[in-house]
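Undergrad:
Numbering (the working numbering), first residue to last: 117 to 210.
1. Runs of 3 residues minimum, wholly inside the stretch 149–182: which ones carry the beta strand (DSSP E) assignment?
2. Answer yes or no: do residue 123 and residue 169 have a C-beta to C-beta separation smaller than 8 angstroms?
3. Residue 119 and residue 164 look like a contact to me (Cβ under 8 angstroms); what is the Cβ gap, rounded to whole Å?
4. Specify the secondary structure class of residue 141 as computed by DSSP and reduced to three states.
5. For a test of the three-state rule: what should DSSP assign to residue 241, helix, strand or coil?
6. Between which two residues does the beta strand (DSSP E) containing residue 119 stretch?
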């Protein structure tokens, strides 16, 4: 089984929390929100995981994933496909 995490969006409704980074990196109980999704997938036995990066702070997300040792496929199709990047990423990622 494969998993995909949509890690995009500007997080404008969560401002001022998202002025310095994406909403997926906002800490809840001292852990970024995206880490909960990754751990849930891993705990469910899913090892093939793709993370679809959005246009907001993709380098911060990549850094977090690398620092925590997650072996995931990073997809950043938004550069080529605009808002349709999610559909393209799902096609390629899964």
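Ideal Cβ placement from N, Cα and C applies to all residues, glycine included.
TA: Well, looking at it:
1. 164–169
2. yes
3. 7 angstroms
4. helix
5. Examination of residue 241 is not possible in this model, given that the chain is present from 117 through 210 alone.
6. 118–123
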